[in-house]
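Participant:
Below, the structure is given as structure tokens:
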């Protein structure tokens, strides 16, 4: 039975409606960021309104917004990049040399990422205090560790998928081990690198609790600003600020999943499930 | 701060090595913990400065000339009185440049009440001077003083008698300065005193149509002036709240704070407890059981929560901010709020239409008509781990802060005074719509603060959760709520050695379910 | 890169580095260890040591707020946890939250996943999927906050529609009967897309040939589901369920800002509870003991996850 054009059209319409339904709450906040504070709290809610840029201008002109955005970008990009370098080296070693403890190590590293952040923030906090690591360096290290488990799992999965025959061909031709790693294997696991980069970036970007506790000047990110800056001078929640800052902040993850949609599955399952949707 | 990248600086490597070494030491045995823990030793401050004077004297000569530094203030977000020092800071910087010859800038870190403590306390525990001068909530005094994290105010007063200004009433000293209660040892410097009041819409009270309607319905006149409103008890206010409750117009009689957030419910409810002649705990014995969980207090709890019927939906979540939103958006006739946010309760549209009166009264067991409100407000506290230069700047700042002209400007901008001179200044009562009520509530015996113990956060969390459970209907028996709180708090205080009496067994394992 | 090219480069490399010490090192048995060194550094410095520290602390009575030095109290903290009725109720609440959230998300996700199965030629598919998947990448702090605005009883848009439909308002976040459901709803909104994603992946793992054969054999829908799709798809679906379970169990940020665990304690999940012990009361000893317990739970979840993963590798030969 061949579906008719009309049926297909209805089917697609339903799919679009489902997608829009899930997006609606975000859209509502997106709209709120262009409303005046009074329009945000208007009863009944205003669906049609005169858009204004004043919230966004106010948000950007607050002394902390821009530095926090820069912190968010700097910390997430640097730590994830570092994590990927470290993980690639380790993933190659774990994939090509058969250590007896490989599986156990992979398991241990992964399980650290499965604990509620509040559980390990206590010892980390004390340790950072003891060594005076509560600075950009410390937080960077922490986020690198935070990104390592998923990067390692993604990259190990991808390198396992690259046949060792490539390595052998390289060796037969006299290439060095490093040459094989970086010139032969690395280009073939590019999708893994991208997936690991994008998704760890999103996770670090969205992280709040560790940042709230450990963050100081130079390391506080936007979720922190949202949590502490949400009250206006008068003690009421400053919805215009919350809305415009949230909108600005979710832009990056949204664009990322649009551009890198085919890595979504790999990224969200840290490489344990391959494929595209 | 350090924007040095990971690889380039020897500093990072040194920190790394230091870190590694410390890790090694720490990992040897858990016994090493004792060595690493902050020992609560006396503060490094107080040592003679370069000029031979203690930094606690502030800048005395030329020792600070030519220096440039940044003063880091931790203040409460969404709390206007806390923002004013930052706003007014440039004047201090100007004076410091002129008088002492140093350049000072300010860095502000802010967070809402509970979050600020969670932010500041850990840094102090690590002996950091991340925050030089802190606006602390009054109840944090014990938590900050007992481990030796803050400078003792008495030490500063000894060197700078001019800072030791006569307060308006003993409430100021007891609330913002002294720890432990009754010891006379002072740790905090009053920053902003605060008491509770009731903000009402004067324009509605004065509306002839409303007056006629009220008289027709209740057979008595609608009170309109401060003098008429001030003596009213909560029970006498009730008909007025009821009268203005008009859900069909989305308008309600009043709004009070029942939120689980921080101390919101507690501060709103405590006056009802004090009105029974009781208290929330016994300061001298440290007992909660038998003091808080009485039938009288349970009846008051039930009554306080029953006032929700005159309030807009969502009252279990009402806090300071909701009071402002609802009142300024014209959704309520009245709202119970801190007088310190008075300026924010009166937007330009409501100019001239608002009156603040003291917290409504109660008939006490002795038959007296009076009120004991909750004290709010905050002291300044000085980080004990400040280096000498920052210590001097802190003291210089406080000296400037307590100057008459600075205080005057502060009050003009919505702050409130605490000194005898400030509160008694001519014209103060009529300065703003809320200053008269403030002065009334700051009189001896009209307000009361609660625990200043280091266990404050835990004690508070226990009761806020339980009260919120009652306010939202999760638990329906008010006595059970108080029993639960009393049992838990008593257990905590007993464990910390604040009381000699363990909680009775039947209260040990109550839950909120 | 062609083989010839590699060969040429390789020869050059040989010429350059035949006797270089680097080359010798690369071939030594220390080389793989050197590759592992950086990750081991991070792992040991930021995971192993804090964990040992945490386990050590859990046997001490130690509060940052007390001037007293830590004192060894053996397993007293654990005994206290065991006897704390509030913690038990937080655990059971978290359990209910996880079961309901993951259960509903799975059912919805599978249904919608099937719905999206045939969408590969849909116009604007990429954009539609982006909109669909946005909830799971939104900063939890932000979503917690803006749902608070949506749920707001006086000004919120949700109540506007509730009032249109029913004539009265619902205090979503302050009514004890609604608050837990309201938080659950937000979690379902955030994570159903993830289960859709996993369902699509599961369906994608069914070999095309088998599906076509089923078509030819005119198998009923149920037969196809049971005999063709389920044997292939079940592993990925199970992995999805497990990942969600682990994640739901960690939920902290969302309730932290949306309800602060209230009203009462109806939305007080274990992650938030732990945070309070650690940072509101700075009670390091007790919170470490609780953290150790949460760690053990996390490790057991992870083992189950890996067990299913290996099962799949084994069965599918993947």
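Residue numbers (the working numbering), protein chains in the order written: chain A, 455 to 731; chain B, 152 to 664; chain C, 2 to 319. Note that beta-carbon positions come from the ideal geometry of N, C-alpha and C, so glycine has one too.
1. In whole angstroms, what is the alpha-carbon distance linking residue 511 of chain A and residue 699 of chain A?
2. Under three-state DSSP, which class holds residue 320 of chain B?
3. Quick one: does residue 262 of chain B have its CB under 7 Å from some CB of chain A?
4. Quick one: what's got a C-beta closer than 6 Å to residue 251 of chain B's C-beta in the same chain, skipping five residues either side?
5. Check whether the segment 142–161 of chain C and the segment 224–241 of chain C touch, using three or more Cβ-Cβ pairs below 8 Å as the test.
6. Against chain A, which members of the segment 249–260 of chain C pass a CB distance test of less than 9 Å?
7. Alpha carbon to alpha carbon, what distance is there between residue 637 of chain B and residue 649 of chain B?
8. Cβ closer than 8 Å: which chain C residues qualify as neighbours of residue 461 of chain A?
9. Whole alpha helix (DSSP H) runs in the segment 556–601 of chain A with 4 or more residues, listed along the chain?
10. Would you list the residues sitting across from residue 337 of chain B in a DSSP beta bridge?
11. Please say whether residue 545 of chain A and residue 489 of chain A have beta carbons closer to each other than 7 Å?
12. List the DSSP bridge partners of residue 61 of chain C.
13. Do you know how far the Cα of residue 137 of chain C is from the Cα of residue 107 of chain C?
14. Can we say the segment 655–664 of chain A touches the segment 525–533 of chain A, given the rule of at least three CB pairs closer than 8 Å?
15. Sorted by chain position, which residues of the same chain lie with C-beta nearer than 8 Å to residue 574 of chain A's C-beta, five sequence neighbours on each side aside?
16. Does DSSP classify residue 240 of chain B as helix, strand or coil?
17. Can you tell which of A/707, A/697, A/470 and A/602 has the C-alpha that lies nearest to the C-alpha of residue 724 of chain A?
18. Report the rounded CA-to-CA distance for residue 88 of chain C versus residue 549 of chain A, giving the unit in angstroms.
19. Which whole-angstrom value is the C-beta distance of residue 499 of chain B and residue 483 of chain B, which I expect to be below 8 Å?
20. On the three-state DSSP scale, how would you describe residue 215 of chain B?
21. Under three-state DSSP, which class holds residue 526 of chain B?
22. Give me, in chain order, the residues of the same chain whose beta-carbon lies closer than 8 Å to that of residue 578 of chain A; leave out the 5 immediate sequence neighbours on both sides.
23. Check whether chain B comes within 7 Å of residue 266 of chain C, counting only Cβ atoms and requiring the distance to be less than that.
24. Please list the partners that residue 583 of chain A has in chain B, where partner means a Cβ-to-Cβ separation under 8 Å.
25. Return the chain-ordered ranges of every alpha helix (DSSP H) run that is complete within the segment 249–324 of chain B and spans a minimum of 4 residues.
26. Taking the straight line between their C-alpha atoms, what separation do you get for residue 229 of chain C and residue 210 of chain C?
27. Can you name the residues of chain B whose CB is closer than 8 Å to the CB of residue 177 of chain C?
28. Taking Cβ to Cβ, would you say residue 270 of chain C is nearer than 7 Å to residue 293 of chain C?
29. Run through chain A and tell me which residues come within less than 7 Å of residue 36 of chain C, C-beta to C-beta.
30. Just to confirm my understanding: we take residue 522 of chain A, look at its own chain, exclude 5 residues before and 5 after, and list those with CB closer than 8 Å. What are they?
31. Shorter than 7 Å from the beta carbon of residue 690 of chain A to some beta carbon of chain B?
32. Around the Cβ of residue 513 of chain B, are there at least 16 other Cβ atoms within 10 angstroms (buried) or fewer (exposed)?
33. Could one say the Cβ of residue 682 of chain A lies closer than 7 Å to chain B's Cβ atoms, at least one of them?
34. Cβ of residue 411 of chain B within 7 Å of Cβ of residue 619 of chain B?
35. If the criterion is Cβ atoms closer than 7 Å, does the pair residue 592 of chain B and residue 346 of chain B meet it?
36. CB-CB under 6 Å to residue 704 of chain A, same chain, minus the five flanking residues each way: which ones, in chain order?
Facilitator: Straight from the coordinates:
1. The sequence position of residue 511 of chain A within the first chain is 57, counting from 1. The sequence position of residue 699 of chain A within the first chain is 245, counting from 1. Rounded to whole angstroms, residue 511 of chain A to residue 699 of chain A spans 11 Å at the Cα level.
2. For the purposes of this step, residue 320 of chain B is identified with residue 169 of the second chain, where counting begins at 1. Residue 320 of chain B falls in the coil class under three-state DSSP.
3. Against the second chain, residue 262 of chain B aligns to sequence position 111. Yes, contact with chain A.
4. As a first step, residue 251 of chain B must be located in the second chain, where it is residue number 100. Cβ neighbours of residue 251 of chain B beyond the five flanking positions: 210 and 215.
5. no
6. 250, 251, 252, 253, 254, 257 and 258
7. One-based indexing of the second chain puts residue 649 of chain B at position 498. One-based indexing of the second chain puts residue 637 of chain B at position 486. Cα to Cα, the separation comes out at about 14 Å.
8. On the first chain, position 7 is the one that residue 461 of chain A refers to. Those do not exist, as residue 461 of chain A stays about 11 Å from chain C at its closest Cβ, beyond 8 Å.
9. 556–566 and 571–585
10. Within the second chain, residue 337 of chain B is the residue found at index 186, counting from 1. According to DSSP, which records beta bridges pairwise, residue 337 of chain B is partnered with B/329.
11. As a position in the first chain, residue 489 of chain A is number 35, starting the count at 1. As a position in the first chain, residue 545 of chain A is number 91, starting the count at 1. No, they are not a contact pair.
12. The residue you call residue 61 of chain C lines up with position 60 of the third chain. DSSP, once it has assigned bridges, lists C/73 as partnering residue 61 of chain C.
13. In the third chain, counting from the first residue as 1, residue 107 of chain C sits at position 106. In the third chain, counting from the first residue as 1, residue 137 of chain C sits at position 136. Straight-line Cα distance between these residues: approximately 15 Å.
14. Contact between the segment 655–664 of chain A and the segment 525–533 of chain A is present, because at least three Cβ pairs lie under 8 Å.
15. The residue given as residue 574 of chain A occupies position 120 in the first chain. Taken in chain order, the residues that qualify are 566.
16. The residue labelled residue 240 of chain B in the question sits at position 89 within the second chain. Helix.
17. Start at 1 with the first residue of the first chain, and residue 724 of chain A comes out as number 270. Checking every option, the nearest Cα to that of residue 724 of chain A belongs to A/602.
18. Taking the third chain and counting its residues from 1, the one referred to as residue 88 of chain C is at position 87. Taking the first chain and counting its residues from 1, the one referred to as residue 549 of chain A is at position 95. Near 43 Å, if we compare the C-alpha coordinates of residue 549 of chain A and residue 88 of chain C.
19. As a first step, residue 499 of chain B is located in the second chain; it is residue number 348 there, counting from the start. As a first step, residue 483 of chain B is located in the second chain; it is residue number 332 there, counting from the start. Incorrect: roughly 19 Å between the Cβ atoms, too far for contact.
20. As a position in the second chain, residue 215 of chain B is number 64, starting the count at 1. Here residue 215 of chain B sits in coil by DSSP.
21. The residue given as residue 526 of chain B occupies position 375 in the second chain. Reduced to three states, the DSSP call for residue 526 of chain B is strand.
22. In the first chain, residue 578 of chain A corresponds to position 124, counting from 1. Hits under 8 Å: 596, 664 and 668.
23. As a first step, residue 266 of chain C is located in the third chain; it is residue number 265 there, counting from the start. Interface residue, yes.
24. Position 129 of the first chain, counted from the first residue, corresponds to residue 583 of chain A. Annotation: Cβ neighbours of residue 583 of chain A in chain B (cutoff 8 Å, chain order): 273, 276, 277 and 279.
25. 264–276, 292–296 and 304–310
26. Within the third chain, residue 229 of chain C is the residue found at index 228, counting from 1. Within the third chain, residue 210 of chain C is the residue found at index 209, counting from 1. One C-alpha to the other measures close to 10 Å.
27. Counting from one through the third chain, the residue named residue 177 of chain C turns up at place 176. The contacting residues are 620, 623, 624 and 625.
28. Reading the third chain from its first residue, position 269 is the one you call residue 270 of chain C. Reading the third chain from its first residue, position 292 is the one you call residue 293 of chain C. Cβ atoms of residue 270 of chain C and residue 293 of chain C: not closer than 7 Å.
29. One-based indexing of the third chain puts residue 36 of chain C at position 35. Chain A residues near residue 36 of chain C: 543, 544, 546 and 547.
30. Against the first chain, residue 522 of chain A aligns to sequence position 68. If we look at residue 522 of chain A and ignore the five residues flanking it on each side, its Cβ neighbours are 674, 675, 676, 678 and 679.
31. Counting from one through the first chain, the residue named residue 690 of chain A turns up at place 236. Yes, residue 690 of chain A counts as interfacial toward chain B.
32. Here residue 513 of chain B is taken as the residue at index 362 of the second chain, counted from 1. Counting Cβ neighbours within 10 Å, residue 513 of chain B comes out buried, since at least 16 surround it.
33. As a first step, residue 682 of chain A is located in the first chain; it is residue number 228 there, counting from the start. Answer yes: the Cβ-Cβ gap between residue 682 of chain A and chain B drops below 7 Å somewhere.
34. As a position in the second chain, residue 411 of chain B is number 260, starting the count at 1. As a position in the second chain, residue 619 of chain B is number 468, starting the count at 1. Closer than 7 Å, so yes.
35. The residue labelled residue 592 of chain B in the question sits at position 441 within the second chain. The residue labelled residue 346 of chain B in the question sits at position 195 within the second chain. Yes, the pair counts as a contact, with Cβ atoms nearer than the cut-off.
36. In the first chain, the residue the question calls residue 704 of chain A occupies position 250. Answer for residue 704 of chain A: no residue qualifies.
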